[in-house]
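**Student:** Numbering (this note's numbering), first residue to last: 1315 to 1388.
Every residue gets a Cβ at the ideal spot worked out from N, C-alpha and C, and that includes glycine.
This one's a predicted model, so the numbers in the text were calculated from it and none came from an experiment.
What follows is a single structure, and I will ask about it in a moment.
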């Protein structure tokens, strides 16, 4: 599923893992949309996500989450 957003950005709902998550992805956790501000590599393929709200989430290498990613036109 994808849609156009104001400003010419293409918005897509995607599945992310520790290997594919990126800064700027919006992940819904507990009914709240949280944007990934930073991420850190951990042992065994895990990653720690830092959200703009200051919250942290550690995901295992095989964890799968749904996220919204904005793809900007060039």
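Is residue 1338 helix, strand or coil when you go by DSSP?
**Tutor:** coil
**Student:** Buried or exposed for residue 1332, please, with buried defined as at least 16 other CB atoms from any protein chain shown within 10 angstroms of its CB.
**Tutor:** Here residue 1332 is buried, its C-beta having at least 16 other C-beta atoms within 10 Å.
**Student:** Let me know the beta strand (DSSP E) ranges lying completely inside the segment 1346-1372, each 3 residues or longer, listed in chain order.
**Tutor:** 1346-1355, 1361-1365
**Student:** Output the distance between the C-alpha atoms of residue 1342 and residue 1365, rounded to the nearest integer angstrom.
**Tutor:** 11 Å
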